[in-house]
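The next block holds one structure in the form of structure tokens; read it before the comments.
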Amino acid sequence: MFGRYEVVRRIGRGGMGVVYAAVHRDLKRDVALKLLSPDLALADHHRRRFSREAEILARLESTHIITVYDAGAQDGWLYIATQLVVEGDLSALLETVGPLSIPLALELIAQTAEGLADAHDSGVLHRDIKPSNVLVRRDRHGRPHALLCDLGISTLLDADHTKTGGVIGTYGYLAPERHEGVEASVASDVYALGCLLWALLTGSPPYEGTDMEVALGHLRAPIRQLEGDSSLVEQTNVVLARSMAKRPEHRFQTAGELRQAVLAIVESMDRPAADAGPGRGQGSGLGSGSTATGHGAARARSAALRELVVVAGLGVLALLVLVLVLGRLNGS
Ligand SMILES: Nc1ncnc2c1ncn2[C@@H]1O[C@H](COP(=O)(O)OP(=O)(O)O)[C@@H](O)[C@H]1O
Ligand SMILES: [Mg+2]
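Residue numbers (our numbering): 805 to 1136.
Following this line, the structure appears as structure tokens:
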């Protein structure tokens, strides 16, 4: 037991603490319990950062950001209890199934972009967008639902954080200007989202190697592009180019803009004339069949239509039988 929580198992470990699956004793609600150990909690800046995450989560209300239930201190440990996502994060998903199909990757990016836009609208920068900080669960209809988590190093847009200085965030997803000491911004979050799209499509961040090589990649190497010439690949490459542009002013200006661009591709896949041949990065994943977008959605709709016809047919048949039986009864 940990206070009012019964700890079930460990589900994650990150920079600041350990995350457990737990159950609230009285409410019987499943939660994810993120703990900051007493030795870390001794340091003032750790305590502040940890508590700020709970506060920030509490003020964000978004379909695509994890919901916080409770936070506090227990036996010297600081804790945050949030909505539990048993399915896990995108990094684990990539490890198990490899690169995702373009439609599924776009769907997840559109959702993550919505969460990020909601954070930005509330004046909060995420600052650490990467696969392990996006959880994916299945909704009631079995469709993937992305939820941003880990706002531990997020900052308020209007806060004066120049004093804290230093680069925090993951090198693989860190915008070029951040490697030159420029503070995090909406533009650097948008850049990281572009890198996340690349990682979902290929299984790896855009630039790899030593910290220096990765930094140089972000600063100078060409923006990563998928191979292939289908219209789906071409449109996805435009989104990659505009989110990972080297100069902040050349990027989508907001996460909402990025989302709109991604949704436009998804809609164009729904149009029958669209050429949506496979490109690089067409991995197995949850499979395009399981996504709510593109051909998946079109297929789902025609399947639903078929089901409707079958159900209607069965209804008419049942009515006929009833009329016949009633007729017989009347006659006899
Ligand atoms: N609500 C949750 N449901 C399921 N798993 C979670 C949840 N929150 C975190 N995790 C898992 O724990 C890992 C670490 O949590 P995170 O909040 O990212 O902390 P850190 O600051 O330590 O990176 C995540 O990458 C994820 O795998
Ligand atoms: Mg994390």
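Idealized CB from N, CA, C, for every residue including glycine.
Predicted model only: the values in this text are computed from it and were never measured.
Around the Cβ of residue i, are there at least 16 other Cβ atoms within 10 angstroms (buried) or fewer (exposed)?
i: residue 805; result: exposed
i: residue 849; result: exposed
i: residue 981; result: buried
i: residue 813; result: exposed
i: residue 934; result: buried
i: residue 797; result: Here the chain has residues from 805 to 1136 only, and residue 797 is not among them.
i: residue 993; result: buried
i: residue 1028; result: buried
i: residue 847; result: exposed
i: residue 932; result: buried
i: residue 1001; result: buried
i: residue 1008; result: exposed
i: residue 919; result: buried
Per DSSP, what kind of secondary structure is residue i in: helix, strand or coil?
i: residue 806; result: strand
i: residue 815; result: strand
i: residue 1040; result: helix
i: residue 887; result: strand
i: residue 1057; result: coil
i: residue 900; result: helix
i: residue 1153; result: Since the first residue of the chain shown is 805 and the last is 1136, residue 1153 is not available in this structure.
i: residue 1006; result: helix
i: residue 967; result: A caution first: residue 967 carries a pLDDT of 37, below 50, which makes its placement in the model too unreliable to give a value.
i: residue 1086; result: Residue placement at residue 1086 is flagged as unreliable, the pLDDT there being 42, under the threshold of 50; a coordinate-derived value is accordingly withheld.
i: residue 1074; result: helix
i: residue 945; result: coil
i: residue 1094; result: Here residue 1094 scores only 37 on pLDDT, less than 50, and its place in the model should not be relied on; the value that follows carries that caveat. Of the three classes helix, strand and coil, the one that applies to residue 1094 here is helix, per DSSP.
i: residue 912; result: helix
i: residue 1069; result: helix
i: residue 998; result: helix
i: residue 848; result: helix
Name the DSSP beta bridge partners of residue i, please?
i: residue 938; result: 952
i: residue 838; result: 823, 884
i: residue 877; result: 882
i: residue 872; result: 886
i: residue 893; result: 939
i: residue 828; result: 809
Report the option in the options whose CA atom is closest to the CA atom of residue i.
i: residue 819; options: 1013, 1061, 992, 955; result: 955
i: residue 1068; options: 911, 1004, 807, 890; result: 911
i: residue 948; options: 897, 1025, 1038, 1050; result: 897
i: residue 817; options: 811, 834, 839; result: 839
i: residue 887; options: 1036, 953, 922; result: 953
i: residue 950; options: 983, 1065, 941; result: 941
i: residue 891; options: 825, 873, 853, 860; result: 825
i: residue 929; options: 885, 1070, 997, 975; result: 997
i: residue 1030; options: 1044, 931, 1017; result: 1044
i: residue 843; options: 821, 831, 827, 864; result: 821
Report all residues for which the CB-ligand distance to some heavy atom of ligand 1 is below 6 Å; order them along the chain.
-> 815, 816, 818, 819, 820, 821, 823, 836, 838, 870, 886, 887, 888, 889, 892, 893, 936, 937, 939, 953, 954, 956
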